[in-house]
Every structure is written in C-alpha cells, then in structure tokens.
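Using full-length UniProt numbering, you'd call the opening residue of the sequence shown number 1 and step up by one each time.
For each residue, glycine too, the CB sits at the ideal point set by N, CA and C.
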Amino acid sequence: MELPPLSWGIMGAGRVCHDFVQALKSIPHAAKVKTVGCRELERSVEFADQHGIPNRVGSYEDVAKDPEVDICYIGMLHPFHYENAVTALQNGKHVLVEKPSTCSECDTKALVRLAQEKGLFLMEGMWTRFFPAVEKAQELVKSGTIGKVVAVHSDFGFNGGDVANYPDHIFYNLNLGGGGLFYVAPYPVAAAMQFLGPAFPSRIAAAGVKDKLTGVDLSGAISLHFEGKGIASLTYNIEAETPEETIIIGTEGRIKLLSPAHCPTAIEVTTKAIGRGNTTTIRHDFPLPDPPASVDASGGFNYPNSNGFQFEAAAIHKCIRGGRTSSDQYTPDEMLAVMHVLEECRTQLKIDSVE
C-alpha cells in the first residue's frame, strides 16, 4: 500500500529553502509543500507564488500552527534554528532543521529531549548521508572492502567573495553565526563521525584564522582522535575554494567521495594487493535524476546537486510513515556528537558566542 505524502511547512524563504522545495517536486508521492512563512509576509507570498504553495503566512509560528502541516523545514539563519524548532515541536510537528542544528550543544540536547518527549521525528539536515554515492561508500566500509578504517580526511571550502559582499554579508556577521565553523565545518565533522564514530572523539584539537575586522573564523583545521579506532584530519574555509573531497582510509584500501563531497555523485574505490603501491582503483557514478520541468520554470537551483535533497526527504517520509522518530542514517546521537565537536572548536578558536 502506498503511504500518503508528508505535508511540509517551510520556515524561511531564502536560497536553501528554494532549493529544498525545488527538490521536493521530484517526489510528489512522498512530499507536498502546504505552507511557507517568514517574518515578512511579502516574501512568503513571493516564494509561494513562485513555487505554487497554497498557504503563505507572515511568521514562523504560523507555519508551526498550520493544521495542514505534518513536518516543518527549519531553513532560516542558524541562530534562529533552536527557537523555531522548539515552536514546531511544541505544536506537534515533526522537524527537519538545517545545519547546524543549533548554535550550542546545550540547545541541541534540549531539542533532542523535547522531540523524544513529544514522540516526534527530529533530524539535522545532513543530506549528505542520503546520497546514493555515500550509501555505497558506507556499504563498502561495512563489508570490509577497505579493511579497518583508520583515518578520515575531509575538507570543504569556497571563496566567500563569489557569493558575498565583504564585510556586509551574513558570512561575516558574528552575531548572526557567521564564519566557517557553522557554515561549512559541519560537513567534514559529520564525515568523520560517520566512518569513525559513533562514539564522541576522545580528543579534539582546532586551529584557525580569524578575520581581524569582523572576528569570524575564515578557515580552520580540526584534528579528532577516536580511541581505539583512528584519527580524522578536517579542514574548512570560506575564503578559498578547496578540492572538497572526503577520503576514508582503511588497512586494505581507501574510498574517495569525489567533489563536491558534501553532495557527491561519484566515488573512487582503491583496493590494495600485496606490496606497497600495488593498487586498483574503480570509479562508481551515481548521477542525479533529472528534475521535472516545473523546476526550471520556477528558477532552477542555486547550489550544486541540490536536487539531491529529494533523497533526504524521501528517507524521512519512510521513517515517519513507518512510525519512526529518527533515521538510522543520521541519528540524534550523531547530531549531538557533531555539535559537541563544533562547540569545542569554537572554544579553542576563541570565537565569541552567538547566543
């Protein structure tokens, strides 16, 4: 029997919200968007008209209170994630909250606890986990194809000048959670947790470069030690474009998530034989499905591979319609672990609190 689609309420009307809604158009069997809301009704109306959304409201709270909404997508600036996720949960709505889940470990713990008390689905939007390329990498690791995983190398960086006006853009606004730690570091940290977790790392070390004018962190290097397992070497950047690859290194080979590693459509699997350098590499491609014509008609996508949001949304549909309140592919414990690492890095980098 076909399960009914989830009715989504979108909190926010920015570029990521646009891409998420566009991707949902590829899975009408699993998702339909009922309501959009932000602080300015005019923006909600414009967004709704662009995407054919029937309900448009002038506050985030009104999205949470809409009786037609099953699940809220929390897509506004991350300092406002916590309060709006709480509002959604208190109004009986399931929640998908974009990265980072909140701006503190304490708040993320509170969200997880509230969702559990309410019996509602909660997940941070780590969409990477649901790409077929990443699922294949996970399958190969579990099957022992590359032996025991001993290290993860992962980077994510882009030149903020390509999309932002310095120093006026939110990337450089400390009070609005600007800086690379919250905007890009969650991806490499989550990659480390996927292949070396799920236990919290036993040691965390961070170093970075801060902007002298704005105080935000422009780049950083994070080293994680997982007791009895291995190490992770992670870098992030918002002033230079990096290769953006994730490499999972095992005793018998390695797997590379090819760029862009946070939304990959291809991997390379290298396995070794006896003798140093005696390896074989095979590439596996997982092209994204073509979006429906309605996507091009309503503005296309802003970011690379955004049609891949559909994988995350389809998985959430299966979880919720199956009576589950979390996903095995990205659990609440991992959500907490990622925030634990980010908060410790923020302390070590002496980045002023955004709370």
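Euclidean distance between Cα positions of residue i and residue j
i	j	result
glycine 161	glycine 253	37 angstroms
lysine 272	leucine 140	14 angstroms
histidine 77	glycine 177	Per the sequence shown, the amino acid found at residue 77 is leucine instead of histidine. C-alpha separation (whole angstroms): 8 angstroms.
lysine 32	alanine 205	43 angstroms
glycine 250	glycine 228	14 angstroms
lysine 99	methionine 11	14 angstroms
alanine 192	histidine 225	10 angstroms
isoleucine 351	glycine 215	7 angstroms
isoleucine 27	serine 259	25 angstroms
proline 291	phenylalanine 301	10 angstroms
threonine 331	aspartate 296	34 angstroms
Contact belief for residue i with residue j at Cβ below 8 angstroms, rounded distance in angstroms
i	j	result
glycine 9	lysine 142	That pair is no contact at about 36 angstroms.
histidine 51	serine 306	Rounded, the Cβ-Cβ distance is 14 angstroms, inconsistent with contact.
isoleucine 255	alanine 337	At roughly 21 angstroms, the Cβ-Cβ gap does not stay under 8 angstroms, so isoleucine 255 and alanine 337 are not in contact.
lysine 182	leucine 342	Checking the sequence shown, residue 182 turns out to be phenylalanine, not lysine. Yes, phenylalanine 182 and leucine 342 are in contact; Cβ-Cβ is about 7 angstroms, under 8 angstroms.
alanine 23	phenylalanine 309	4 angstroms
alanine 128	alanine 190	Contrary to the premise, residue 128 reads as threonine rather than alanine in this sequence. Right, their Cβ atoms sit about 7 angstroms apart.
alanine 133	alanine 293	Incorrect: roughly 26 angstroms between the Cβ atoms, too far for contact.
Range covered by the beta strand (DSSP E) that runs through residue i
i	result
lysine 272	266-272
isoleucine 316	Taken as a continuous stretch (DSSP letters only), isoleucine 316 belongs to no beta strand (DSSP E), being part of the alpha helix (DSSP H) at 309-321.
phenylalanine 226	217-226
residue 362	Outside the displayed span of the chain (1 to 355) sits residue 362, for which this structure offers no information.
asparagine 237	230-237
lysine 256	253-257
Nearest candidate by alpha-carbon position, reference residue i, set the options
i	options	result
aspartate 328	Thr108, Phe130 and Tyr187	Phe130
glutamate 268	Met339, His284 and Thr279	His284
glutamate 312	Leu96, Pro28 and Lys34	Leu96
aspartate 13	Glu40, Lys25 and Ser26	The sequence shown places alanine at residue 13, not aspartate. Comparing Cα-Cα distances from alanine 13 to each of Glu40, Lys25 and Ser26, the minimum goes to Glu40.
glutamate 244	His340, Pro304 and Glu68	Pro304
glycine 125	Tyr73, Ile238 and Gln90	Tyr73
threonine 242	Asn159, Gln348 and Val149	Asn159
Extent of the continuous alpha helix (DSSP H) run through residue i
i	result
serine 59	It is not in any alpha helix (DSSP H) - serine 59 carries neither H nor E in the DSSP assignment.
asparagine 159	It is not in any alpha helix (DSSP H) - asparagine 159 carries neither H nor E in the DSSP assignment.
glycine 180	180-183
Can we say the region 216-223 touches the region 118-129, given the rule of at least three CB pairs closer than 8 angstroms? Result no; under three Cβ-Cβ pairs closer than 8 angstroms.
Contact between the region 102-109 and the region 230-249: three or more CB pairs below 8 angstroms? No contact exists between the region 102-109 and the region 230-249.
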